[in-house]
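Undergrad:
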Amino acid sequence: MDWSDVRVFLAIARSGSLGAAAKQLGVSHPTVGRRLQVLEQSSGQPIFLRTTQGLVLTDSGEKLLSLAQEMEQSALAIERRLAGDSAQPEGVLRISSADWFACYVLAPVLNELGRRYPLIVPEVIAGHRLFDLARRDADIAFRIVPFTEPDIVHRKLTTLSYGLYAAVGSPDPAPQGDGVGLITMSVAQSHYPDVQWLQQRYPLARTVFTSSSRTVQAQMCAQGQGVAVLPRVLGDQLTALRLIDPHEPPPGRDIWMGYHQDMRRMDSLRALADLASSMIGSQEGS
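Using the numbering used here, read the sequence shown as starting at 433 and increasing by one per residue.
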């Protein structure tokens with residue numbers, strides 16, 4: 433099996449269908465079907481069992497899986513090393529971060545990166561998904577969750593302050609939150625400390641809107657839907673919002689930057705990491 437065959441095998445094993453594997457690999461459904469047929473013919477035995485729930489690995493397929501995963505790790509390591517050995521700070525640099533962070537914190541850094549290194553093309557993948565840096569889903573990531581994955585070079589850039597906001601012209605919330613609408617993170621992020629802080633501060637309030645996007649929360653807050661806890665770097669820049677000065681401010685969040693150790697020699701990545709450290713790192717506690 434060559435690497436292209438291994439990629440097809442792993443995609444089918446992980447997705448359970450030819451269609452999903454084709455979408456993952458960026459090829460046609462018939463192409464994946466032909467490659468699977470060749471694989472099973474060359475092995476002389478079925479690798480997948482066709483069931484009503486999809487394609488399931490046979491015993492022979494299970495034996496191949498760990499070997500294929502080892503081959504994948506070696507191939508990915510080669511890709512990372514080759515990318516890390518780039519001689520010029522140029523090409524696409526894939527960056528993962530939350531949307532609000534990209535808009536209000538990272539944008540000035542990327543602007544300076546473009547001014548200094550015009551051949552680098554930043555590609556920002558905005559969202560809350562924790563990308564696999566070993567697979568190069570992203571080259572570098574900025575997030576509020578510390579990195580625990582192996583072989584990841586990471587550091588805390590700064591701690592950003594958060595504040596409680598309401599729409600301009602709206603009254604201050606009642607002390608216990610009676611009649612107050614809360615704008616919070618989605619259910620998947622309900623464990624965030626600012627969500628718990630807001631609910632504890634206004635126990636009589638009712639949640640009226642949730643979103644995984646801080647930017648969307650800010651806009652709904654500006655529409656007068658309720659109060660929201662937002663990063664100060666976001667909330668302070670929106671003229672339709674006013675900061676409610678609580679006796680005790682919401683908890684801040686640490687911002688972490690990380691990338692795979694094999695990418696540390698990638699000039700474009702190193703350029704962004706250095707700029708982010710100098711420009712964002714100076715915002716400690718802001």
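For glycine and all other residues, C-beta sits at the position ideal for the given N, C-alpha and C.
Given 8 angstroms as the limit, is there contact between the segment 581 to 592 and the segment 625 to 645, that is, 3 or more CB pairs closer than that?
TA: No: the two stretches stay apart, fewer than three of their Cβ pairs being nearer than 8 angstroms.
Undergrad: From this set, I687, Q469 and S710, which residue's C-alpha is nearest F579's C-alpha?
TA: Measuring from the Cα of F579, the nearest candidate turns out to be I687.
Undergrad: What are the start and end residues of the alpha helix (DSSP H) that includes V464?
TA: V464 -> alpha helix (DSSP H) spans H461 to S475.
Undergrad: So I479 and I527 are supposed to be a Cβ contact under 8 angstroms. How far apart are they, rounded?
TA: With a Cβ gap of about 37 angstroms, I479 and I527 do not count as contacting.
Undergrad: CA-CA distance, A570 and P554?
TA: For A570 and P554, the distance between alpha carbons rounds to 11 angstroms.
Undergrad: Indicate the three-state DSSP secondary structure (helix, strand or coil) for I712 in the structure shown.
TA: Looking at I712 - three-state DSSP - the assignment turns out to be coil, as it is neither helix nor strand.
Undergrad: At what residue ranges does the segment 542 to 598 contain a whole run of the beta strand (DSSP E), taking only runs of 3 or more?
TA: For the segment 542 to 598, whole beta strand (DSSP E) runs of length 3 or above, ordered along the chain, are 552 to 558, 572 to 575 and 584 to 592.
Undergrad: According to the neighbour-count rule (16 or more other Cβ atoms, all chains shown, within 10 Å of its Cβ), is V524 buried or exposed?
TA: With fewer than 16 other Cβ atoms within 10 Å, it is exposed.
Undergrad: Give the single residue among S475, M503 and Q505 whose Cα lies nearest to the Cα of D491.
TA: Comparing Cα positions, the closest option is S475.
Undergrad: Taking buried to mean at least 16 other C-beta atoms within 10 Å of its own C-beta, is P550 buried or exposed?
TA: Looking at its Cβ environment, which holds fewer than 16 other Cβ atoms inside 10 Å, P550 is exposed.
Undergrad: Indicate the three-state DSSP secondary structure (helix, strand or coil) for L670 in the structure shown.
TA: Coil at L670, not helix or strand.
Undergrad: Hey, is the segment 596 to 606 in contact with the segment 670 to 683, meaning 3+ C-beta pairs nearer than 8 angstroms?
TA: Yes, the segment 596 to 606 touches the segment 670 to 683.
Undergrad: Any idea if L636 is buried or exposed, counting beta-carbon neighbours within 10 angstroms, 16 or more meaning buried?
TA: Exposed: under 16 other Cβ atoms inside 10 Å.
Undergrad: Whole angstroms are fine: how far does the CA of D668 sit from the CA of N543?
TA: If you take the alpha carbons of N543 and D668, they lie about 21 angstroms apart.
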